[in-house]
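Participant:
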Amino acid sequence: MPQFDPALFAPQIIWLIIAFGVLWLLMARVGLPRVERAMVERSEQIEADLDAARTMKAKADELTQEYEAALAQARAKAGAISERTKADIRERSEKLLSETQAKIDAEIAKAQQGIDQEVKAAMGEMDKMATDVAASLIARLIGEEVESAELEAAVATIRSEAA
Numbered sequence: 003m004p005q006f007d008p009a010l011f012a013p014q015i016i017w018l019i020i021a022f023g024v025l026w027l028l029m030a031r032v033g034l035p036r037v038e039r040a041m042v043e044r045s046e047q048i049e050a051d052l053d054a055a056r057t058m059k060a061k062a063d064e065l066t067q068e069y070e071a072a073l074a075q076a077r078a079k080a081g082a083i084s085e086r087t088k089a090d091i092r093e094r095s096e097k098l099l100s101e102t103q104a105k106i107d108a109e110i111a112k113a114q115q116g117i118d119q120e121v122k123a124a125m126g127e128m129d130k131m132a133t134d135v136a137a138s139l140i141a142r143l144i145g146e147e148v149e150s151a152e153l154e155a156a157v158a159t160i161r162s163e164a165a
């Protein structure tokens with residue numbers, strides 16, 4: 003192989019140095035600046051994206067705080083409305099209950115008055131019947147008639163003692 007011939011080493015080394023030098027110059031002048039520019043652009047783009055992300059995160063945090071504040075305010079408002087509604091319902095139900103209780107009490111009083119009148123009327127009828135029965139018994143037993151005023155007084159005395 004001619005590459006391994008020691009007589010050809012010097013020209014091969016010269017051509018190797020020339021080829022290496024040309025490649026090095028090409029890389030130093032053309033390739034590496036492009037790579038460096040691409041890396042710088044990429045780094046700047048990454049930094050810009052990170053800055054945009056930080057800005058968006060700050061806005062998102064701010065919006066989250068505003069949302070939570072609005073939500074807390076809405077909850078407080080809803081609680082106040084709920085309490086007012088409960089108080090209004092409680093007030094209305096108590097008013098309705100008191101009105102209904104007053105109506106019931108009036109009906110009970112009216113019914114009690116009617117019952118009392120009926121009891122008085124029935125007691126009057128019973129007194130009259132007792133007086134009549136007593137008068138007829140006395141007339142049969144002793145053969146005399148007793149005055150009705152005396153019998154009514156006796157029935158009233160007996161009834162008051164029984165009560």
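For the sequence shown, position 94 (counting from the first letter as 1) is numbered 96 according to my numbering, and the numbering increases by one without interruption. Backbone N, C-alpha and C fix where the C-beta goes; we use that ideal spot for every residue, glycine too. The structure presented is a predicted model; accordingly, all values stated were derived computationally and were not measured.
#1: Rounded to a whole number of angstroms, what is the C-alpha to C-alpha distance between Leu28 and Ile48?
#2: Are Asp134 and Val157 close, meaning C-beta to C-beta below 7 Å?
#3: Here's the rule: buried if 16 or more other CB atoms are within 10 angstroms of the residue's CB, otherwise exposed. What is Leu153?
#4: State the Cα-Cα distance for the pair Thr87 and Glu101, rounded to the nearest angstrom.
#5: Just to confirm, are Ile160 and Val148 a CB contact at a threshold of 7 Å?
#6: Please list, in chain order, all residues of the same chain as Ser2 whose beta carbon is under 7 Å from its beta carbon, the five residues on each side excluded.
#7: Hey, which unbroken runs of the beta strand (DSSP E) at 3 residues or more fall wholly within the region 36-121?
Facilitator: In short, the structure shows the following:
#1: If you draw a straight line from the Cα of Leu28 to the Cα of Ile48, it is about 29 Å long.
#2: no
#3: buried
#4: 21 Å
#5: Pairing Ile160 with Val148 gives a Cβ-Cβ distance that is not under 7 Å.
#6: Because residue 2 is not part of the residues shown, which for the chain are 3 to 165, the question remains open.
#7: none
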